[in-house]
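A.B. asks: Protein chains in written order, with our numbering: chain A, 1 to 281; chain B, 282 to 698.
Dropping the structure here:
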């Protein structure tokens with residue numbers, strides 16, 4: 001008699017050797033969505049605990065950057081802006097999304113190592129860790145974004161209906177940051193040099209994106225290469241939504257495609273690596 | 282033929298680890314990319330690289346019926362924790378498969394997911410969520426968890442200010458209220474003070490009695506004996522024995538003594554010495570039982586001592602410890618009013634005679650020391666090989682068979698005035 005009496009249970013767990021690539025288990029992710037909020041809430045709580053300014057830092061950090069940029073690039077170097085928009089709001093409309101991008105990117109790249117203590121002791125869909133980081137960073141972004149809107153209005157620039165497109169560019173930003181962050185996080189499992197490289201990479205990338213200058217300053221011959229930088233598309237989009245600069249043209253598509261490729265490949269590689277990552281952690 | 286329903290079914294499970302790190306093996310990024318893009322390591326590449334791998338588990342096949350409480354014993358590094366990690370899906374097996382029927386929780390550590398900056402209350406919610414409790418479940422059980430932890434007054438204190446005992450209590454309290462069908466526990470009772478350990482053990486036997494299936498890894502044989510009805514003995518990644526706890530644990534204990542006898546784990550090192558213990562045996566016992574006590578009768582330990590240089594004021598100490606390191610009994614050459622003893626070079630036999638040694642069955646470690654009282658010099662400090670095995674027939678009620686220290690027949694009587 002080979003047939004075994006097995007109790008019926010909706011919770012049958014099958015453990016087997018997995019080989020090759022596999023699809024993301026979206027249902028499992030959805031079932032554990034509560035954990036996503038708890039992890040995001042933990043990230044926020046822990047980050048601002050015992051600080052005096054608390055979530056004020058979410059505003060202060062990009063603000064200080066804007067002040068420096070305004071003095072150096074706007075004041076000393078007289079970097080031209082589109083439509084003669086005042087430099088402080090011209091740069092802050094890019095610095096604030098950029099801050100989110102940098103936070104998601106470096107947070108995702110380091111999140112697995114930072115959570116090694118949990119990952120080696122209990123199972124849950126591993127992707128929740130980087131996703132929780134995204135959620136936590138979005139809270140910071142939300143606070144900074146409200147201040148940004150206030151700043152724009154204070155400078156007498158009127159908000160246009162184009163602002164309704166913000167979620168689209170925000171999504172593009174997240175997809176790009178998360179996708180690339182997952183790549184770095186997966187590589188970082190094996191080669192810890194990556195985490196040393198990330199801050200440098202973020203700074204370099206910031207100057208390769210239209211944060212302190214207008215994309216119109218980029219020589220025409222370089223425009224196509226420039227458009228391959230997905231953050232160029234994202235920031236051009238943000239400026240259009242907020243400040244009414246030129247509508248993003250077809251040069252947005254390379255950005256979108258690169259971001260999507262980064263995201264899909266990043267998630268796939270992460271899925272592959274997470275399987276046995278606790279053996280390396 | 283009727284069979285019990287199965288809770289855990291394991292077929293040919295194996296896990297291979299890479300020895301050494303990815304970085305610095307001369308094959309880093311390339312090797313990693315190779316792993317990443319090959320669907321499965323080719324047999325050839327395994328053969329080439331085999332020395333760099335270690336099988337932590339191999340060919341594990343067994344079923345565990347619903348409601349069984351199964352202990353897992355074995356020396357360090359035989360794959361006990363790896364097995365639990367695979368079953369709790371923390372890491373994938375390299376070969377084979379397993380099926381778990383029911384909601385599974387793993388308790389591989391006390392306080393999983395705790396963050397020092399968060400308060401006790403916040404950590405209960407966080408840890409619960411990590412273990413898969415829903416918000417509703419947690420709200421329902423929150424008061425119970427707090428009551429179990431006995432930390433009502435410290436709920437709003439950050440956990441980083443907790444003592445280690447408080448931390449463990451909070452962690453176990455969360456884990457104790459998970460209500461899984463299958464519970465995987467790894468050596469978590471080794472922490473905390475004694476009264477809390479007892480509380481945890483009681484909680485675990487409640488869980489066991491409620492018909493849950495429990496897999497319990499521990500080095501504490503008393504805990505295994507108390508909780509588990511069946512025990513798996515792992516050795517070198519394979520199942521060496523699987524049966525009723527009493528038998529398997531007894532075999533495991535006596536064999537682990539044999540292993541230390543054969544191994545080079547003698548605490549003696551070097552070949553130059555003034556005096557040294559060579560061996561011990563039970564005087565008057567036949568050769569095959571020279572280290573085994575199976576009857577309640579006088580016991581005479583004989584220790585062979587080799588003295589190479591004269592010792593003017595010799596003094597010997599002798600102790601019995603249980604495997605958890607508790608001192609059971611100690612004696613010395615001062616007993617019976619004898620003072621320091623002069624030794625000239627030669628072989629001696631030291632006898633420690635006890636009217637009986639009524640201990641619970643199990644293995645015990647013997648320790649002997651030898652001093653020169655002149656200048657208070659420790660000449661030898663010896664953990665005896667092999668260890669002492671006691672297999673007296675149990676004299677108490679089966680329920681208490683493994684509890685306590687002494688195993689003494691007791692005459693009970695009752696009288697009404």
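We put the beta carbon where it would ideally sit given N, CA and C, even for glycine.
#1: Are the C-beta atoms of residue 164 of chain A and some chain B residue less than 7 Å apart?
#2: Beta-carbon separation of residue 585 of chain B and residue 556 of chain B under 7 Å?
#3: Based on the DSSP secondary-structure assignment, which residues constitute the bridge partners of residue 581 of chain B?
#4: Within 10 angstroms of the Cβ of residue 446 of chain B, are there 16 or more other Cβ atoms? Answer buried if so, exposed if not.
#5: List in chain order: all unbroken beta strand (DSSP E) runs of 3+ residues lying wholly within the stretch 372–455 of chain B.
#6: Restricting to runs no shorter than 3 residues, where is the beta strand (DSSP E) found entirely within the stretch 596–635 of chain B?
#7: Within 7 Å of any Cβ in chain B, is that where the Cβ of residue 142 of chain A sits?
#8: Is residue 360 of chain B closer than 7 Å to residue 509 of chain B when the C-beta atoms are compared?
#9: For chain B, is any of its Cβ atoms less than 7 Å away from the one on residue 201 of chain A?
#10: For residue 270 of chain A, which residues in chain B fall below 8 Å Cβ to Cβ?
#11: Could you please tell me which residues of the stretch 366–387 of chain B, in chain order, have their CB closer than 8 Å to any CB of chain A?
#12: In whole angstroms, what separates the C-alpha of residue 58 of chain A from that of residue 384 of chain B?
#13: Going by beta carbon distance, what residues of the same chain come within less than 6 Å of residue 328 of chain A, once the five residues before and after it are set aside?
#14: Whole angstroms is fine: what's the gap from residue 611 of chain B's alpha carbon to residue 665 of chain B's?
#15: Taking Cβ-Cβ distances shorter than 9 Å, what residues in chain A pair up with residue 396 of chain B?
#16: For residue 441 of chain B, does the count of other Cβ atoms within 10 angstroms reach 16, so buried, or fall short, so exposed?
#17: Taking Cβ positions only, does residue 456 of chain B come closer than 7 Å to chain A?
#18: What's the gap between the Cα of residue 270 of chain A and the Cα of residue 650 of chain B?
#19: Does any CB atom of chain B fall closer than 7 Å to the CB of residue 28 of chain A?
#20: Residue 71 of chain A: which of A/85, A/91, A/84 and A/52 sits nearest, CA to CA?
#21: Could you work out which residues of chain A lie near residue 333 of chain B, taking near to mean beta carbons separated by less than 7 Å?
#22: Among all the DSSP beta bridges, which residues are the ones paired with residue 92 of chain A?
#23: Taking only three categories from DSSP, how would you classify residue 275 of chain A?
#24: Can you have a look at residue 490 of chain B and say buried or exposed, based on whether 16 or more other CB atoms are within 10 angstroms of its CB?
#25: Could you work out which residues of chain B lie near residue 276 of chain A, taking near to mean beta carbons separated by less than 7 Å?
#26: Any beta carbon of chain B sitting closer than 7 Å to that of residue 14 of chain A?
#27: Just to check my reading of the structure: residue 109 of chain A and residue 194 of chain A have Cβ atoms closer than 8 Å, yes? What is that Cβ distance to the nearest angstrom?
#28: Which runs of the alpha helix (DSSP H) at least 4 residues long sit entirely within the stretch 483–522 of chain B? Give them in chain order.
#29: Assuming contact is defined by CB atoms lying nearer than 7 Å, are residue 436 of chain B and residue 402 of chain B in contact in what I supplied?
#30: For residue 13 of chain A, which residues does DSSP report across the bridge?
#31: Measure the Cβ-Cβ separation of residue 596 of chain B and residue 575 of chain B and say whether it is below 7 Å.
#32: Closest Cβ-Cβ distance between residue 306 of chain B and chain A: below 7 Å?
#33: Measure from the alpha carbon of residue 182 of chain A to the alpha carbon of each residue in A/213, A/76, A/264 and A/16, then state which is nearest.
#34: Distance check for residue 346 of chain B and residue 297 of chain B, CA to CA, integer angstroms please.
#35: DSSP on residue 586 of chain B, reduced to helix/strand/coil?
#36: Please report how far the alpha carbon of residue 303 of chain A lies from the alpha carbon of residue 47 of chain A, in whole angstroms.
C.D. replies: Answer, in terms of the structure:
#1: Taking the first residue of the first chain as 1, we reach residue 164 of chain A at position 164. No - not a single Cβ of chain B is within 7 Å of the one on residue 164 of chain A.
#2: Here residue 585 of chain B corresponds to residue number 304 of the second chain, with the count starting at 1. Here residue 556 of chain B corresponds to residue number 275 of the second chain, with the count starting at 1. No; because the gap between Cβ atoms is not below 7 Å, this pair is not in contact.
#3: Here residue 581 of chain B refers to the residue found at position 300 when the second chain is read from its first residue. Answer is B/634.
#4: Residue mapping note: residue 446 of chain B aligns to position 165 of the second chain, counting from 1. Exposed, by the Cβ-count rule.
#5: Every unbroken stretch of the beta strand (DSSP E) spanning 3 or more residues and falling wholly within the stretch 372–455 of chain B is given here in chain order: 376–382 and 385–388.
#6: The stretch 596–635 of chain B is shown to contain whole beta strand (DSSP E) runs of 3 or more residues at 608–613, 622–624 and 627–635, in chain order.
#7: If you number the first chain from 1, residue 142 of chain A lands on position 142. Among the residues facing chain B, residue 142 of chain A is not included, as its CB has no counterpart in that chain under 7 Å away.
#8: In the second chain, counting from the first residue as 1, residue 509 of chain B sits at position 228. In the second chain, counting from the first residue as 1, residue 360 of chain B sits at position 79. In this structure, the beta-carbon distance from residue 509 of chain B to residue 360 of chain B does not fall below 7 Å.
#9: Counting from one through the first chain, the residue named residue 201 of chain A turns up at place 201. It does not: the Cβ of residue 201 of chain A has no partner Cβ on chain B nearer than 7 Å.
#10: For this step, residue 270 of chain A is matched to residue 270 along the first chain. Within 8 Å Cβ-Cβ: nothing; residue 270 of chain A doesn't reach chain B, min ~12 Å.
#11: Against chain A - using a Cβ distance shorter than 8 Å - the residues of the stretch 366–387 of chain B are 366, 367, 368, 369, 370, 371, 372, 373, 374, 375, 376, 377, 378, 379, 380, 381, 382, 383, 384, 385 and 387.
#12: Counting from one through the first chain, the residue named residue 58 of chain A turns up at place 58. Counting from one through the second chain, the residue named residue 384 of chain B turns up at place 103. Going by the C-alpha atoms only, they are around 40 Å apart.
#13: No information on residue 328 of chain A is available, as it lies outside the stretch 1 to 281 that chain A covers here.
#14: As a first step, residue 611 of chain B must be located in the second chain, where it is residue number 330. As a first step, residue 665 of chain B must be located in the second chain, where it is residue number 384. Rounded to the nearest angstrom, the two C-alpha atoms are 14 Å apart.
#15: Taking the first residue of the second chain as position 1, residue 396 of chain B is located at position 115. At a C-beta separation below 9 Å, residue 396 of chain B has these neighbours in chain A: 42, 45 and 46.
#16: For the purposes of this step, residue 441 of chain B is taken as the residue at position 160 of the second chain. Exposed, because fewer than 16 other Cβ atoms sit within 10 Å of the Cβ of residue 441 of chain B.
#17: As a first step, residue 456 of chain B must be located in the second chain, where it is residue number 175. Answer no: the Cβ-Cβ gap between residue 456 of chain B and chain A never drops below 7 Å.
#18: Within the first chain, numbered from 1, the residue matching residue 270 of chain A stands at position 270. Within the second chain, numbered from 1, the residue matching residue 650 of chain B stands at position 369. Spanning the two alpha carbons is a distance of roughly 58 Å.
#19: Within the first chain, numbered from 1, the residue matching residue 28 of chain A stands at position 28. The Cβ of residue 28 of chain A sits no closer than 7 Å to any Cβ of chain B.
#20: Within the first chain, numbered from 1, the residue matching residue 71 of chain A stands at position 71. The alpha carbon of residue 71 of chain A has as its nearest neighbour, out of A/85, A/91, A/84 and A/52, the alpha carbon of A/91.
#21: In the second chain, the residue the question calls residue 333 of chain B occupies position 52. By Cβ distance, chain A contributes nothing, its closest Cβ being about 13 Å from residue 333 of chain B, past 7 Å.
#22: The residue you call residue 92 of chain A lines up with position 92 of the first chain. Looking at the DSSP output, residue 92 of chain A shares a beta bridge with no other residue.
#23: Translated into positions along the first chain, residue 275 of chain A becomes position 275. If DSSP states are grouped into helix, strand and coil, residue 275 of chain A belongs with coil.
#24: What you label residue 490 of chain B is simply residue 209 of the second chain in a count that begins at 1. Within a 10 Å sphere around the beta-carbon of residue 490 of chain B sit fewer than 16 other beta-carbons, which makes this residue exposed.
#25: Residue 276 of chain A sits at position 276 when you count from the first residue of the first chain. Result: 372 and 373.
#26: Position 14 of the first chain, counting from 1, holds the residue named residue 14 of chain A. At least one chain B Cβ lies under 7 Å of residue 14 of chain A.
#27: On the first chain, residue 109 of chain A is found 109 positions in, with the first residue counted as 1. On the first chain, residue 194 of chain A is found 194 positions in, with the first residue counted as 1. The distance from the Cβ of residue 109 of chain A to that of residue 194 of chain A is about 7 Å, consistent with a contact at the 8 Å cut-off.
#28: Those alpha helix (DSSP H) runs which fall completely within the stretch 483–522 of chain B and span 4+ residues are 502–508.
#29: Residue mapping note: residue 436 of chain B aligns to position 155 of the second chain, counting from 1. Residue mapping note: residue 402 of chain B aligns to position 121 of the second chain, counting from 1. Taking 7 Å as the Cβ cut-off, residue 436 of chain B and residue 402 of chain B qualify as a contacting pair.
#30: Within the first chain, the letter at position 13 stands for residue 13 of chain A. Residue 13 of chain A is bridged to B/381.
#31: Counted from its first residue, the second chain places residue 596 of chain B at position 315. Counted from its first residue, the second chain places residue 575 of chain B at position 294. Their beta carbons are not under 7 Å apart, which means residue 596 of chain B does not touch residue 575 of chain B by this criterion.
#32: Looking up residue 306 of chain B in the second chain gives position 25. Because the pLDDT of residue 306 of chain B is 40, which lies under 50, any placement of that residue in the model is unreliable, and the number read from its coordinates should be weighed accordingly. At a cut-off of 7 Å, the C-beta of residue 306 of chain B has no neighbouring C-beta in chain A.
#33: Your numbering for residue 182 of chain A matches position 182 in the first chain. Of the residues A/213, A/76, A/264 and A/16, the one whose Cα lies closest to the Cα of residue 182 of chain A is A/264.
#34: By one-based count along the second chain, residue 297 of chain B stands at place 16. By one-based count along the second chain, residue 346 of chain B stands at place 65. Approximately 27 Å between the Cα atoms of the pair.
#35: Taking the first residue of the second chain as position 1, residue 586 of chain B is located at position 305. Strand, per DSSP.
#36: One cannot answer for residue 303 of chain A here, as it falls past the ends of chain A, which runs 1 to 281.
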